[in-house]
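Here the structure is laid out as structure tokens; the discussion comes afterwards.
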DNA sequence: AGTGAAACCCTACCAGC
DNA sequence: GCTGGTAGGGTTTCACT
């Protein structure tokens with residue numbers, strides 16, 4: 224269904240929750256001029272409609288021992304085979320994101336590992352799991368990431 | 224209790240909060256075998272140490288009217304100038320992420336817009352704001368994104 | 001660091017409009 | 001869809017270990 228006209232109050236709620244996923248319904252109510260119950264209703268509706276996919280904590284991976292991030296673009300070695308790379312790679316925990324893209328390569332992966340040696344090992348696992356060639360771009364720093372574009 | 228046990232409990236808490244940022248301290252306690260107060264203490268410490276950067280709701284951008292995502296790699300036109308692209312681009316709301324990378328280009332941006340026409344407009348704004356050449360890779364679909372790599 | 005108790009606040013549900 | 005009310009549960013602090 225394409226009846227997705229999100230009105231400004233819902234948009235404001237999404238904006239607030241994108242910035243602080245633990246904000247209480249009471250505070251959301253104060254920020255939007257609605258009662259707690261009304262906000263509660265709206266948030267539950269946004270959740271059930273899938274507009275809110277979920278809630279998560281943002282972790283500092285460098286402090287956690289995963290300082291090395293990289294983009295790995297992949298391309299099938301045998302283009303006659305059906306490309307089910309996402310399913311084949313899904314079990315590899317180091318892969319944070321997988322995007323299907325237009326262009327030279329078929330997918331872009333974003334990964335996190337502790338050390339260059341782990342990256343080398345990961346590349347070998349990706350190549351053999353999905354039968355693909357890879358191109359790797361190392362992330363040097365992250366000025367900002369996952370900002371809300373609501 | 225030894226140091227490694229402490230570490231693994233914190234790690235478990237981070238894992239749980241990464242998967243569900245609104246999980247209650249009560250439930251975190253049940254999942255880790257700690258009292259509510261102990262979990263509360265640990266989470267507050269993880270927050271103040273910056274291990275937890277924040278909490279956010281994950282929004283379905285397609286439903287929100289932003290179905291077009293893309294990666295834009297940028298490269299300075301005049302390499303003799305200092306490269307302060309991140310600050311110059313920070314005000315552009317369509318840019319969700321900005322990574323400094325090793326390789327042909329200096330930064331990779333991830334952006335979201337409603338239509339191809341908006342992308343065209345955005346590219347012009349990026350080029351003139353940061354004095355850069357751009358290379359754009361359109362995202363066709365997103366099998367998965369921002370999975371927890373804890 | 002962890003526990004349990006208590007005060008306080010929030011959530012979730014219910015009528016009623 | 002919104003409001004106010006309420007019961008139950010969650011959060012936060014505190015004294016103690």
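Protein chains in written order, with the numbering used here: chain A, 224 to 373; chain B, 224 to 373. Think of the CB as a built atom: it goes at the ideal place given N, C-alpha and C, for glycine as much as any other residue.
Asked                                                                                                                                                                                       : Found
Inspect the beta-carbon positions of residue 362 of chain B and residue 289 of chain B and report whether they are closer than 8 angstroms.                                                 : no
So what's residue 311 of chain A in DSSP terms, helix, strand or just coil?                                                                                                                 : helix
Within this structure, are the beta carbons of residue 298 of chain B and residue 327 of chain B separated by less than 8 angstroms?                                                        : yes
Can you say whether residue 340 of chain A is buried or exposed, counting buried as having 16 or more other CB atoms within 10 angstroms of its CB?                                         : exposed
What in chain B is Cβ-close to residue 362 of chain A, meaning under 9 angstroms?                                                                                                           : 322, 323, 324, 325, 331
For my contact list, residue 241 of chain B and residue 273 of chain A are in at a C-beta cut-off of 8 angstroms; report their separation, rounded to the angstrom.                         : Not really, about 20 angstroms apart at Cβ, beyond 8 angstroms.
In chain order, what residues of the same chain have a beta carbon less than 7 angstroms from the beta carbon of residue 225 of chain A, not counting five sequence neighbours either side? : Note that residue 225 of chain A has pLDDT 39, beneath the 50 cutoff, so the model's placement of it is unreliable and the number below is only indicative. Closer than 7 angstroms at Cβ, skipping near neighbours: no residue.
For residue 294 of chain A, which beta-bridge partners are listed by DSSP?                                                                                                                  : A:333, A:360
For a contact defined as C-beta to C-beta under 8 angstroms, what are the partners of residue 286 of chain B on chain A?                                                                    : 227, 229, 272, 273, 274
Measuring CB to CB, does residue 329 of chain A end up less than 8 angstroms from residue 308 of chain A?                                                                                   : yes
Note down the Cα distance separating residue 269 of chain A from residue 275 of chain A, rounded to an integer number of angstroms.                                                         : 6 angstroms
Beta strand (DSSP E) containing residue 282 of chain B: first to last residue?                                                                                                              : 275 to 282
Name the chain B residues that come within less than 9 angstroms of residue 241 of chain A, Cβ to Cβ?                                                                                       : 279, 280, 281, 282
Where does residue 338 of chain B sit, in a helix, a strand or coil, going by DSSP?                                                                                                         : coil
Are residue 262 of chain A and residue 236 of chain A close, meaning C-beta to C-beta below 8 angstroms?                                                                                    : yes
On the criterion of 16 or more Cβ atoms from any shown chain inside 10 Å, does residue 265 of chain A qualify as buried, or is it exposed?                                                  : buried
Within 8 angstroms of any Cβ in chain A, is that where the Cβ of residue 339 of chain B sits?                                                                                               : no
Determine, using beta carbons only, whether residue 244 of chain B comes closer than 8 angstroms to chain A.                                                                                : yes
Which residues bound the alpha helix (DSSP H) around residue 262 of chain A?                                                                                                                : 259 to 271
By DSSP's criteria, residue 320 of chain A is part of a beta bridge. Which residues make up the other side?                                                                                 : A:333
How big is the Cα-Cα spacing for residue 286 of chain A and residue 247 of chain B?                                                                                                         : 24 angstroms
For a contact meaning CB atoms closer than 9 angstroms, what does residue 343 of chain B contact in chain A?                                                                                : Chain A residues near residue 343 of chain B: none, gap ~16 angstroms exceeds 9 angstroms.
Among residues of its own chain, excluding the 5 on either side of residue 227 of chain B, which ones have a beta-carbon nearer than 6 angstroms to its beta-carbon?                        : Because the pLDDT at residue 227 of chain B is just 45, under 50, the model does not fix this residue reliably, and the value given afterwards should be weighed accordingly. Excluding residues within five positions, none has a Cβ falling inside 6 angstroms.
With a Cβ-Cβ cutoff of 8 angstroms, do residue 318 of chain B and residue 300 of chain B count as a contact?                                                                                : no
Counting only beta-carbon separations shorter than 8 angstroms, does residue 237 of chain A have a partner in chain B?                                                                      : yes
In the DSSP output, which residue or residues are listed as bridge partners for residue 229 of chain A?                                                                                     : Residue 229 of chain A pairs with nothing; no bridge assigned.
Check whether chain A comes within 8 angstroms of residue 249 of chain B, counting only Cβ atoms and requiring the distance to be less than that.                                           : no
Answer with buried or exposed for residue 353 of chain B, where buried requires no fewer than 16 other C-beta atoms within 10 angstroms of its C-beta.                                      : buried
Quick one: does residue 357 of chain B have its CB under 8 angstroms from some CB of chain A?                                                                                               : no
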